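Okay, structure coming up:
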């Protein structure tokens, strides 16, 4: 979903020596530059407080990151002339002024046109400081274009999201801002638009007349790991539901955009958020995992994880029902499920269609026909085993007359040699100026507004053993034929 051609630029990474830069940004940026033929056009500038790096040592750092993540031959092709480093110190106005002069010098020496990407791979509390620093130093505008990329979480509630947007818009126009959600970079998520709007068979059935319910899941077998410091302050609702799953919901429920471009798609996504009815308390279940087994491994409960307070009430699982009060979706429930320490990793969308108005095969030859499923379901697998399958009824050979559910399947791995990573896709879009897969300010605030009633009065988390599908209270908030989409391998991919 790339737009125009990328131009030579500086790619400035704030937090250039951090974990995100090491694991994701630098390797995926290398892939993006290779895919876009930009290896010789983009210079990378790492920015961090530490003074232990210079250009030469940061070049070795970058090569080490690439060697661990991609083929060593690709790492050896990185030119030291295109890798730079700057120590930001305490982030004072003088420090940002010095950074601006350094970037000007790099552009002059390499005859660049002033195009810059500022990527804030920083802790969320530092976002406003970095934005002000760039703006007050005049680095928000210049000879070329200037683009700012912000990692989630974007605020921790509606009030803080609005405050951050206010700071952003004081210095950057919304067209300069790229709020990144890596879920939107997945080819399978992007394929939602193609499935819906390029296939008349599906689009004609994509409404309250044919759809019984929709379930969107993001299940993880891992626990909180080393992220307890962040996770205990956010929980599953803020970590997964507010951004990833709400974004997927808008793509599933949106109307046909007027054009295949960022503004038109964002407009329709915001309309969905504005049509979601107020969430009822009985339609939300929180859970927290206890000691159990995932696969063959015994794992600790959430309260036993390192750095988790003994009395924590943070939810590690959320199941909720939403209603979209629009002409297309009136009366159709949308179920969102997400959690940690579930049996296996599986992110997918299950669209359950309504049964035929008359059950022709319920009784055949004077006796009730056997059957293994009750309805047709379209399952879109986001990760792992990307693809989709339409589950339909067929006659089982032989007697007695019986119906059996079978999947008509498509797998990306079988059809295509290689699927680009989410960050690779998104980083190339940033360089090309394509905002289609990025989150608008109105989407962020709209999502927080929808979830505000739950966040302001959260339910007490119900306990569930690690390795189970959440607390038993959540069963009422799921499509009954759950086996139709919980068919991924019983292990992480």
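Residue numbers (the working numbering): 143 to 635.
Ideal Cβ placement from N, Cα and C applies to all residues, glycine included.
Remember, predicted model here, so these are calculated numbers, not experimental data.
What whole-angstrom Cβ distance do residue 389 and residue 329 have, given they're in contact under 8 angstroms? Walking along the chain shown from the start, residue 389 turns up at place 247. Walking along the chain shown from the start, residue 329 turns up at place 187. Approximately 15 angstroms separates the beta-carbon atoms of residue 389 and residue 329; this is outside 8 angstroms, ruling out the contact.
Under a three-way DSSP split, which group does residue 455 fall into? Here residue 455 corresponds to residue number 313 of the chain shown, with the count starting at 1. Coil.
Buried versus exposed, by CB contacts within 10 Å (16 or more), residue 271: Indexing the chain shown from 1 puts residue 271 at position 129. Exposed is the call here.
Taking the C-alpha atoms as reference points, what is the distance between residue 596 and residue 338? Along the chain shown, read from residue 1 onward, the residue named residue 596 stands at position 454. Along the chain shown, read from residue 1 onward, the residue named residue 338 stands at position 196. Residue 596 and residue 338 have their C-alpha atoms spaced approximately 31 angstroms apart.
Determine whether the beta carbon atoms of residue 593 and residue 476 lie at a separation below 8 angstroms. In the chain shown, counting from the first residue as 1, residue 593 sits at position 451. In the chain shown, counting from the first residue as 1, residue 476 sits at position 334. Cβ atoms of residue 593 and residue 476: not closer than 8 angstroms.
Let's test the definition: count the other Cβ atoms within 10 Å of the Cβ of residue 285 and tell me whether it reaches 16, buried, or not, exposed. Position 143 of the chain shown, counting from 1, holds the residue named residue 285. Around the beta carbon of residue 285, fewer than 16 other beta carbons lie within 10 angstroms, which makes this residue exposed.
What is the DSSP secondary structure of residue 366, reduced to helix, strand or coil? Counting from one through the chain shown, the residue named residue 366 turns up at place 224. Coil, per DSSP.
Which two residues bound the contiguous alpha helix (DSSP H) that contains residue 159? As a first step, residue 159 is located in the chain shown; it is residue number 17 there, counting from the start. Counting along the chain, residue 159 falls outside any alpha helix (DSSP H), and DSSP gives it neither H nor E.
Would you check if there are 3 or more beta carbon pairs closer than 8 angstroms linking the segment 531 to 546 to the segment 251 to 270? In short, these stretches do not touch, since the Cβ pair count stays below three.
Evaluate residue 198 with the Cβ neighbour count: other Cβ atoms within 10 Å of its Cβ, from every protein chain shown; 16 or more gives buried, anything less gives exposed. Against the chain shown, residue 198 aligns to sequence position 56. That one is exposed.
Thinking C-alpha only, which one of 470, 210, 495 and 609 is nearest residue 437? For the purposes of this step, residue 437 is taken as residue 295 along the chain shown, with counting starting at 1. The alpha carbon of residue 437 has as its nearest neighbour, out of 470, 210, 495 and 609, the alpha carbon of 609.
Counting along the chain, where does the beta strand (DSSP E) carrying residue 480 start and finish? Along the chain shown, read from residue 1 onward, the residue named residue 480 stands at position 338. Start and end: 475 to 481.
CB of residue 567 within 8 angstroms of CB of residue 327, strictly: Along the chain shown, one-based indexing puts residue 567 at 425. Along the chain shown, one-based indexing puts residue 327 at 185. Yes, the pair counts as a contact, with Cβ atoms nearer than the cut-off.
The beta strand (DSSP E) with residue 229 in it runs from where to where? Along the chain shown, one-based indexing puts residue 229 at 87. Where residue 229 is concerned, the enclosing beta strand (DSSP E) stretches over 225 to 229.
When burial is assigned at 16 or more other CB atoms within 10 Å of the CB, is residue 494 buried or exposed? Within the chain shown, the letter at position 352 stands for residue 494. Buried: at least 16 other Cβ atoms inside 10 Å.
Once the 5 residues before and after residue 472 are set aside, which same chain residues still bring their CB inside 7 angstroms of it? Within the chain shown, the letter at position 330 stands for residue 472. Result list for residue 472: 350, in chain order.
Could you check if residue 185 is buried or exposed, using at least 16 other CB atoms within 10 Å of its CB as the buried criterion? In the chain shown, counting from the first residue as 1, residue 185 sits at position 43. Around the Cβ of residue 185, a 10 Å sphere holds 16 or more other Cβ atoms; the residue is buried.
Just how far apart, CA to CA, sit residue 400 and residue 470? As a working mapping, residue 400 is identified with position 258 in the chain shown. As a working mapping, residue 470 is identified with position 328 in the chain shown. Cα-Cα distance, rounded: 17 angstroms.
Sequence-distant residues of its chain with Cβ nearer than 8 angstroms to residue 163 (five each side left out): Taking the first residue of the chain shown as 1, we reach residue 163 at position 21. Taken in chain order, the residues that qualify are 155, 157, 188, 207 and 263.
Based on Cα-Cα distance, which residue from 303, 192, 241 and 172 lies nearest to residue 210? In the chain shown, counting from the first residue as 1, residue 210 sits at position 68. With distances taken between CA atoms, residue 210 lies nearest to 172 out of 303, 192, 241 and 172.
Have a look at 316, 383, 496 and 531 and flag the residue whose alpha-carbon is nearest the alpha-carbon of residue 553. Your numbering for residue 553 matches position 411 in the chain shown. Checked all of 316, 383, 496 and 531; the closest Cα to residue 553 is 531.
According to the neighbour-count rule (16 or more other Cβ atoms, all chains shown, within 10 Å of its Cβ), is residue 412 buried or exposed? Here residue 412 corresponds to residue number 270 of the chain shown, with the count starting at 1. Its Cβ being crowded by 16 or more others within 10 Å, residue 412 is buried.
Quick check on residue 488: does DSSP put it in helix, strand or coil? Indexing the chain shown from 1 puts residue 488 at position 346. Of the three classes helix, strand and coil, the one that applies to residue 488 here is strand, per DSSP.
Answer with buried or exposed for residue 518, where buried requires no fewer than 16 other C-beta atoms within 10 angstroms of its C-beta. Here residue 518 refers to the residue found at position 376 of the chain shown. Label assigned to residue 518: buried.
Roughly how many angstroms separate the alpha carbons of residue 615 and residue 372, rounded to a whole number? As a working mapping, residue 615 is identified with position 473 in the chain shown. As a working mapping, residue 372 is identified with position 230 in the chain shown. Straight through space, the alpha carbons of residue 372 and residue 615 are spaced by roughly 27 angstroms.
Reducing DSSP to helix, strand and coil, say where residue 514 ends up. For this step, residue 514 is matched to residue 372 along the chain shown. Legend: pLDDT at residue 514 = 47, less than 50; position of this residue unreliable, no value from coordinates given.
For residue 586, does the three-state DSSP call read helix, strand or coil? On the chain shown, residue 586 is found 444 positions in, with the first residue counted as 1. Residue state for residue 586 is assigned as helix, using DSSP reduced to three classes.
Cβ separation of residue 427 and residue 550, assumed to be a contact under 8 angstroms, to the nearest whole Å: As a first step, residue 427 must be located in the chain shown, where it is residue number 285. As a first step, residue 550 must be located in the chain shown, where it is residue number 408. That pair is no contact at about 33 angstroms.
Neighbourhood of residue 479 by C-beta distance below 6 angstroms, restricted to the same chain and skipping five residues each side: Taking the chain shown and counting its residues from 1, the one referred to as residue 479 is at position 337. Cβ within range, chain order: 359 and 461.
Excluding sequence positions up to five away, which residues of its chain have a Cβ less than 6 angstroms from the Cβ of residue 148? Translated into the one-based positions of the chain shown, residue 148 becomes position 6. Non-local beta-carbon contacts of residue 148 in its own chain, meaning distances under 6 angstroms to residues more than five positions away in sequence, involve 178, 180, 573 and 574 in chain order.
Close-in-space but distant-in-sequence residues of the same chain around residue 442 (CB under 7 angstroms, 5 per side omitted): Residue mapping note: residue 442 aligns to position 300 of the chain shown, counting from 1. Correct list, in chain order: 433.
Which value, in whole angstroms, describes the spacing of the CA atoms of residue 299 and residue 223? Looking up residue 299 in the chain shown gives position 157. Looking up residue 223 in the chain shown gives position 81. When rounded, the distance between both Cα atoms is 43 angstroms.
The alpha helix (DSSP H) spanning residue 339 covers which residue range? Looking up residue 339 in the chain shown gives position 197. It spans 329 to 339 - the alpha helix (DSSP H) in which residue 339 sits, taken as one unbroken run.
I'd like to check one pair, residue 521 with residue 356: are the Cβ atoms closer than 8 angstroms? Start at 1 with the first residue of the chain shown, and residue 356 comes out as number 214. Start at 1 with the first residue of the chain shown, and residue 521 comes out as number 379. In terms of Cβ geometry, residue 356 and residue 521 do not form a close pair [threshold 8 angstroms].
Which same chain residues, not among the five before or five after residue 617, have their C-beta less than 7 angstroms away from its C-beta? Here the question's residue 617 lines up with position 475 in the chain shown. Taken in chain order, the list of residues that qualify is empty.
Can you tell me where the beta strand (DSSP E) holding residue 130 begins and where it ends? No statement about residue 130 is possible, as the shown extent of the chain runs from 143 to 635 and does not include it.
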